[in-house]
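Single-structure report; data block below.
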Amino acid sequence: MGGARKRAHVAVTARKISIRKYLGTGQRKLKPAMLGLRACGGTAPASVPALVRARLALRASSTAYDAATVAAACSASSSLEKLAAERKGLAKVVLKKGKTQIFGDGSPMVYSGAVDRIIGRPPPKSGDIVLVADGTEKSIGWGLYNSVSMFCVRLMQLEEEARRDPTCALNMERLLKARISSAVDLRRSLGLPSANTNAYRLINSEGDRLSGLIVDIFADVAVIASSAAWVEKYREEIQFLVSKVNGINHIKWRPSADILKEEGLDISEQNEYASSRSTVKVMENGIVYIVSLEGQKTGFYADQRENRHFVSLLSKDQRVLDIFCYSGGFALHAAKGGADNVIGIDSSGSALDLANENIILNELNPGRISFVKGDATAFMKGAISKNELWDLVILDPPKLAPQKKVLQSASGMYRSLNALAMQVVKPGGLLMTCSCSGAMTQSGMFLKTIQGAASMAGKKVTRRKSVLHTS
1 MGGARKRAHV AVTARKISIR KYLGTGQRKL KPAMLGLRAC GGTAPASVPA
51 LVRARLALRA SSTAYDAATV AAACSASSSL EKLAAERKGL AKVVLKKGKT
101 QIFGDGSPMV YSGAVDRIIG RPPPKSGDIV LVADGTEKSI GWGLYNSVSM
151 FCVRLMQLEE EARRDPTCAL NMERLLKARI SSAVDLRRSL GLPSANTNAY
201 RLINSEGDRL SGLIVDIFAD VAVIASSAAW VEKYREEIQF LVSKVNGINH
251 IKWRPSADIL KEEGLDISEQ NEYASSRSTV KVMENGIVYI VSLEGQKTGF
301 YADQRENRHF VSLLSKDQRV LDIFCYSGGF ALHAAKGGAD NVIGIDSSGS
351 ALDLANENII LNELNPGRIS FVKGDATAFM KGAISKNELW DLVILDPPKL
401 APQKKVLQSA SGMYRSLNAL AMQVVKPGGL LMTCSCSGAM TQSGMFLKTI
451 QGAASMAGKK VTRRKSVLHT S
């Protein structure tokens, strides 16, 4: 080639990262919403199953640890130890020496390998509330136990948080109500929903301190994605509380069967409490979409909302390539942002049917935006052989590392895909590359993988923007 090579600029979006720590103690209080949730145990509409209404009403009226009792207990001494002493059969999970430091960054996960011993007879069952203690048996928090999962406990509250706000201590029903209400308040303070956006993520798992629970809002439909055993145990309560969010008329429950199997649950014969609708029309950043409620994940990647808007700002007069485009989220934003030409690639015919329908809904010029059914790797190799280049390339592959044990092989696939994508970006162009594999981002391997891809492709890259997703 000769001379210095121009650098391709890389915008990295790690979709599992949140700027809100799971158990952070210094979170700034945001403006409260005008309307949130009806209290647990309040009168439910007839559309909520009678079993749900009865169960919630019973728990609201007969909870042994009401706010006054909890507050009094917490002010006396060690809050959680005091409460635990009044509850028979509450087990304590004692961690190995030095393992408590892993919670400093807000992680809620207690790995089974970090556990030294479990105190309590009979031993806890999956879904039970347990205390979590350091090596001296001093309680550091409480959470939900799982005897099968690699995540032995998902922490729900630390000791100091329970001391500051004792009303939810060791009480999952109260904590669910508080956390979901907080999530609603946060979105309202951010202007969601709005006149030009009614598709957004209401609950973002660890980002909203409810690990394993995702709730996406699509107009008047709430899609609830479950990937933890505790979420299935409290399914009725979660559905009830989400149904009370303003504007929600339909609920779709979508359990992640493969992940839940690792949590010790077989949901193959589970009865569904779901919306009868298969599609819904939504708007995001002023762009209209048809969302399939039977599609991938929750039906639409609501966690990429801000990144799609970012792409629209970069796209004016550009040639844009959207790889793994699904129903056209990034491609449509690029076209609306004034791109000269946009191509989306995906292997799913049904997804591309939605994408083409979305072109019509938004009255876009089909001469400037098109979708192609095909294999992403084959398409990029073909483009390289013909020396086809784009100003902006978006690479958002599916979850290649669903489990930590396949992390090494998945990193190889990410590296190969990114190496190909870098070779179809023109010199000085932009690559927005994404990972929705939590194992990749949590391990810190993603950026190293991108660097390896650049070396493989013979390219020099500069990290210009790191897009950290919130909700």
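1 is the number of the first residue of the sequence shown in full-length UniProt numbering; add one for each residue after it.
Beta carbons are placed, not taken as given, at the ideal position from N, Cα and C, and that holds for glycine.
Under the three-state reduction of DSSP, which class applies to residue 166: helix, strand or coil? helix
Beta carbon of residue 96, beta carbon of residue 141: below 8 Å? no
Quick one: what's got a C-beta closer than 7 Å to residue 111's C-beta in the same chain, skipping five residues either side? 150, 151 and 152
Helix, strand or coil for residue 370? Go by DSSP, reduced to three states. strand
For residue 552, which three-state DSSP category applies? The structure shown does not extend to residue 552, since the chain is modelled only from 1 to 471, so the question has no answer here.
Alpha-carbon spacing of residue 99 relative to residue 121, whole angstroms: 24 Å
Check this for me: beta carbons of residue 328 and residue 344, under 8 Å apart or not? yes
At a cut-off of 7 Å, would you count residue 338 as near the ligand NAP, judging by its Cβ distance to the nearest heavy atom? This structure lacks the ligand NAP, and indeed carries no ligand of any kind.
Same chain only: Cβ atoms within 7 Å of residue 263, ignoring 5 sequence neighbours per side: 146, 148, 149, 228 and 229
If you reduce the DSSP assignment to three classes, tell me which class residue 242 lands in. helix
Assuming residue 100 is part of the beta strand (DSSP E), what are its boundary residues? Counting along the chain, residue 100 falls outside any beta strand (DSSP E), and DSSP gives it neither H nor E.
Using a Cβ-Cβ distance under 8 Å, would residue 424 count as near chain D? The displayed structure is made up of one protein chain only, and chain D is not part of it.
Where do the ends of the beta strand (DSSP E) carrying residue 334 lie? From DSSP, residue 334 is part of no beta strand (DSSP E) but of the alpha helix (DSSP H) over 329-336.
Three-state secondary structure assigned by DSSP to residue 219: coil
CA nearest to the CA of residue 300, picked from 365, 247 and 199: 199
For the alpha helix (DSSP H) containing residue 261, list its first residue and its last residue. 257-262
Can you tell me which of 332, 378, 377 and 384 puts its alpha carbon nearest to the alpha carbon of residue 370? 332
Contact under 8 Å by Cβ, residue 322 with residue 334: yes
Cβ atoms of residue 342 and residue 432: under 8 Å apart, would you say? no
Could you please give the first and the last residue of the uninterrupted beta strand (DSSP E) stretch that includes residue 358? Residue 358 -> not in any beta strand (DSSP E); alpha helix (DSSP H) instead, spanning 349-361.
List the endpoints of the continuous beta strand (DSSP E) containing residue 151. 151-158
On a Cα-Cα basis, can you pick out the residue from 170, 231, 157 and 279 that is closest to residue 358? 279
Three-state class that DSSP yields for residue 457 in the structure shown: helix
Measure the C-alpha to C-alpha separation of residue 285 and residue 453 and round it to an integer number of angstroms. 32 Å
Verify whether the separation of the beta carbon atoms of residue 268 and residue 225 is less than 8 Å. no
Under a Cβ-count criterion, where at least 16 other Cβ atoms within 10 Å of its own Cβ denotes burial, should residue 161 be classed as buried or exposed? buried
Chain-order list of residues whose beta-carbon lies under 8 Å from that of residue 37 (same chain, five-residue window excluded): Confidence in residue 37 is poor, its pLDDT being 32 and thus under 50, which makes the residue's placement unreliable; the coordinate value appears in the next sentence. Cβ neighbours of residue 37 beyond the five flanking positions: 177, 180, 181, 184, 241, 244 and 245.
Taking Cβ to Cβ, would you say residue 215 is nearer than 8 Å to residue 293? no
Going by beta-carbon coordinates alone, are residue 384 and residue 320 separated by less than 8 Å? no
Tell me whether the beta-carbon of residue 397 lies closer than 8 Å to the beta-carbon of residue 417. yes
So, with DSSP's three-state summary, where would you put residue 83? helix
Since residue 154 and residue 108 are thought to touch, with beta carbons under 8 Å apart, how far apart are those beta carbons, to the nearest angstrom? 5 Å
How should residue 209 be labelled, buried or exposed, when 16 other C-beta atoms within 10 angstroms of its C-beta is the threshold for buried? buried
Between 313, 192 and 325, which lies nearest to residue 337 when the distance is taken from Cα to Cα? 313
Identify which residue in 306, 391 and 351 has its Cα closest to the Cα of residue 317. 391
Fully enclosed by the region 189-217, which alpha helix (DSSP H) runs are 4 residues long or longer? none
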